[in-house]
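Let me begin by presenting the structure, written as structure tokens, before commenting on it.
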Amino acid sequence: MFNRVATIYIASSDIIMKIAEKKEKEVMILEELFYPINLGHDTFSSSTVTFEKIKNLNQAINNFKKIAEEYQVEKIKVFATAALREALNKDYIIYQIKNNNNLNIEIFGNVEEHQLIYQGIRNTNKNLKGDNLFAYIGTGSLV
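Its first residue numbered 1, the sequence shown is counted upward by one per residue in this note's numbering.
Encoded structure:
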């Protein structure tokens, strides 16, 4: 079991890293960092991410990895959703991140993405009772 972990989420407009530590039954966020990159603009307008943004993505992930190492993180998990999932050059991007940062990326499908969002809403809103309606409005989608 890992006590200190980091997640790097490659979203449509940002890269987000959270470093967390588990103590007994409590999880504490130690650090939360954002890097604006707007991969979604490329993917949803031209179906590919530009080489410049791939270079910036790699550099941002490398910087996040260095910060995670300073926190003595035991495991880093990288995941992405629509901006990478829908990019025609996603295999090249995955290869670049693996080759340059020695990190694997898990790309979530639509269903997995929506389940995680729902779980996050339920976990952060413990006061929800009875019937509730959630609408997820994402880049190019309404679920």
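Note that beta-carbon positions come from the ideal geometry of N, C-alpha and C, so glycine has one too.
For residue i, the nearest candidate out of the options (CA to CA)
{"i": "Tyr-35", "options": "Ile-93, Gln-59, Thr-43, Lys-90", "result": "Gln-59"}
{"i": "Val-5", "options": "Phe-64, Leu-128, Thr-81", "result": "Phe-64"}
{"i": "Ser-45", "options": "Asp-14, Asn-102, Glu-86", "result": "Glu-86"}
{"i": "Ile-94", "options": "His-41, Ala-68, Ile-61, Glu-74", "result": "Ile-61"}
{"i": "Glu-69", "options": "Asn-127, Ile-19, Ala-11, Asp-14", "result": "Ile-19"}
{"i": "Thr-50", "options": "Ile-15, Leu-30, Tyr-92", "result": "Tyr-92"}
{"i": "Leu-33", "options": "Glu-24, Asp-14, Lys-23", "result": "Asp-14"}
{"i": "Val-78", "options": "Gly-40, Lys-129, Glu-26, Ile-105", "result": "Ile-105"}
{"i": "Ile-97", "options": "Glu-26, Val-73, Lys-53", "result": "Lys-53"}
Whole-angstrom distance between residue j and residue i, CA atom to CA atom
{"i": "Asn-99", "j": "Asp-131", "result": "47 angstroms"}
{"i": "Lys-55", "j": "Met-28", "result": "32 angstroms"}
{"i": "Met-17", "j": "Asn-89", "result": "23 angstroms"}
{"i": "Ile-67", "j": "Leu-103", "result": "15 angstroms"}
{"i": "Leu-57", "j": "Asn-127", "result": "38 angstroms"}
{"i": "Tyr-71", "j": "Lys-23", "result": "15 angstroms"}
{"i": "Ile-37", "j": "Asn-101", "result": "18 angstroms"}
Sequence-distant residues of its chain with Cβ nearer than 6 angstroms to residue i (five each side left out)
{"i": "Ile-107", "result": "Ala-80, Leu-84, Arg-85"}
{"i": "Thr-7", "result": "Lys-18, Lys-77"}
Residues near residue i by beta carbon distance below 8 angstroms, same chain, minus five either side
{"i": "Thr-48", "result": "Asp-42, Ala-87, Leu-88, Asn-89"}
Inter-residue CB distance, residue i and residue j (contact presumed, cutoff 8 angstroms)
{"i": "Asn-3", "j": "Glu-31", "result": "15 angstroms between Cβ atoms; not a contact."}
{"i": "Leu-39", "j": "Ile-76", "result": "That pair is no contact at about 19 angstroms."}
For residue i: DSSP bridge partner residues
{"i": "Asp-131", "result": "None, per the DSSP bridge assignment."}
{"i": "Arg-85", "result": "Looking at the DSSP assignment, Arg-85 forms no beta bridge with any residue, so it has no partner."}
{"i": "Thr-7", "result": "Lys-18, Lys-77"}
{"i": "Leu-33", "result": "Met-17"}
{"i": "Lys-23", "result": "Glu-26"}
{"i": "Glu-69", "result": "Its beta-bridge partners do not exist; DSSP assigns none."}
{"i": "Glu-52", "result": "Bridge partners of Glu-52: none, in fact."}
{"i": "Ile-107", "result": "Ala-80"}
Beta-carbon proximity list for residue i, same chain, < 7 angstroms, skipping 5 on both sides
{"i": "Ser-12", "result": "Leu-39, Gly-40, Ala-82, Ala-83, Thr-139"}
{"i": "Val-73", "result": "Arg-4, Val-5, Ala-6, Ile-19"}
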